[in-house]
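Novice: Residues 32 to 257 (our numbering) are what the first sequence spells out, left to right.
Glycine included, C-beta positions come from ideal geometry on N, C-alpha and C.
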Amino acid sequence: MENKNCSLCLFKSKAAKNLSDPELKQMGNSCAEVVFRKGDTIFKENALSSNIIYLQKGLVKLLIEGPHQTQILRLKKAPCYLGLPTTMGDKVNHYSAVAIEPTTACFIDINTFKNLLKINPDFSFEIITELCRNELEQFHRCVKLIQNQIYGRLANHLLNLSTEVYESTEFKLPLTRNEIADLVCTSRETVSRLLSDLSKEKIIQVDGKQVRILNQALLEKISDKG
DNA sequence: GCATTAACCACAG
DNA sequence: CTGTGGTTAATGC
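See the structure below:
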């Protein structure tokens with residue numbers, strides 16, 4: 032494994048910007064950069080985990096086995112850390128991560144990471160902030176899934192892709208209809224139907240996986256009231 | 001009752 | 001992998 036020089040990294044996380052040169056060197060010595068193709072598994076549920084993963088580039092889905100089927104927990108876009116809860120919280124992963132676009136990730140040894148948390152409070156502060164933001168997002172998503180109807184949940188996902196992930200009103204769906212269903216908790220058929228309904232209503236334009244949002248205001252309304 | 005919502009099944013591109 | 005149609009169960013006026 033070749034040692035990385037994290038000081039020179041162009042994709043340094045907000046947290047890592049607080050690390051001193053020696054600390055970055057320490058991280059680089061126990062860190063491996065790995066490139067994943069679309070569909071590659073980054074880490075797997077129930078496998079032993081001894082690394083914190085920092086996503087430099089790319090897009091990832093998090094999956095967990097539910098009682099009936101696989102549940103897509105959420106999408107995560109770089110730059111971000113992956114597997115903090117699952118690596119710090121237990122010895123084995125409680126969920127899997129799969130790249131859904133070409134992705135570059137750094138695997139940081141957990142002991143090195145823990146040590147950096149202990150010796151650099153500014154670094155720790157940023158990590159905690161990221162974790163807290165995540166938890167808030169989870170809470171909102173949870174309530175939305177439970178209380179909104181499917182129209183609202185799907186509209187919410189489309190808006191999320193548009194505003195958070197791609198930052199454009201036009202984008203290519205990174206998931207199949209089936210996966211969208213697993214993410215917003217419905218059936219594949221319903222996703223198909225609702226997408227064509229939204230298209231008939233001129234709220235979005237759909238061509239295969241290509242989507243353009245035509246009426247964002249209305250989509251937001253649907254996402255709220257759902 | 002009657003309407004709506006959404007899942008499940010089947011079948012065709 | 002998708003889109004559609006039929007059927008059906010649950011829920012709400």
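(1) For K108, list the residues DSSP reports as bridge partners.
(2) Helix, strand or coil for Y182, going by three-state DSSP, please let me know.
(3) Please go through the same chain and pick out, in chain order, the residues whose beta-carbon is closer than 8 Å to the beta-carbon of Q169, but skip the five residues on each side of it.
(4) Mind reading off the beta-carbon distance from N82 to T118? Whole number of angstroms is fine, and I expect it under 8 Å.
(5) State the beta-bridge partners of D140 as determined by DSSP.
(6) In terms of residues, what are the limits of the beta strand (DSSP E) holding I131?
(7) The alpha helix (DSSP H) spanning K252 covers which residue range?
(8) Name the DSSP beta bridge partners of S127, please?
(9) Exposed or buried, which one is L39 when buried takes at least 16 other CB atoms within 10 Å?
(10) What does a CB cutoff of less than 6 Å around V65 pick up in its chain, not counting 5 residues either side in sequence?
(11) List the residues that DSSP assigns as beta-bridge partners of R243.
(12) Checking the sheet assignment: what are the DSSP bridge partners for C62?
(13) Do three or more CB pairs link the region 179 to 192 to the region 61 to 80 at distances below 8 Å?
Specialist: Result, derived from the coordinates:
(1) The residue labelled residue 108 in the question sits at position 77 within the first sequence. Answer by DSSP bridge pairing, in chain order: L90.
(2) Locating residue 182 in the first sequence gives position 151, where the first residue counts as 1. Helix at Y182.
(3) In the first sequence, the residue the question calls residue 169 occupies position 138. R105, listed in sequence order.
(4) Translated into the one-based positions of the first sequence, residue 82 becomes position 51. Translated into the one-based positions of the first sequence, residue 118 becomes position 87. Taking a contact as a CB-CB distance under 8 Å, the pair N82 and T118 counts as one, their CB atoms being some 7 Å apart.
(5) To locate residue 140, count along the first sequence from 1; it is residue 109. Partner(s): N82.
(6) On the first sequence, position 100 is the one that residue 131 refers to. Looking at the DSSP string, I131 is not in any beta strand (DSSP E), and its letter there is neither H nor E.
(7) Working through the first sequence from its first residue, we reach residue 252 at position 221. Q247 to K256 is the extent of the alpha helix (DSSP H) around K252.
(8) One-based indexing of the first sequence puts residue 127 at position 96. Its beta-bridge partners are L94.
(9) Counting from 1 along the first sequence, the entry for residue 39 is found at position 8. With fewer than 16 Cβ atoms within 10 Å of its Cβ, L39 is classed as exposed.
(10) Locating residue 65 in the first sequence gives position 34, where the first residue counts as 1. Excluding sequence neighbours, V65 sits near A136.
(11) The residue given as residue 243 occupies position 212 in the first sequence. For R243, which the question treats as bridged, DSSP gives the partners E201 and Q236.
(12) Walking along the first sequence from the start, residue 62 turns up at place 31. Beta-bridge pairing links C62 to I139.
(13) no
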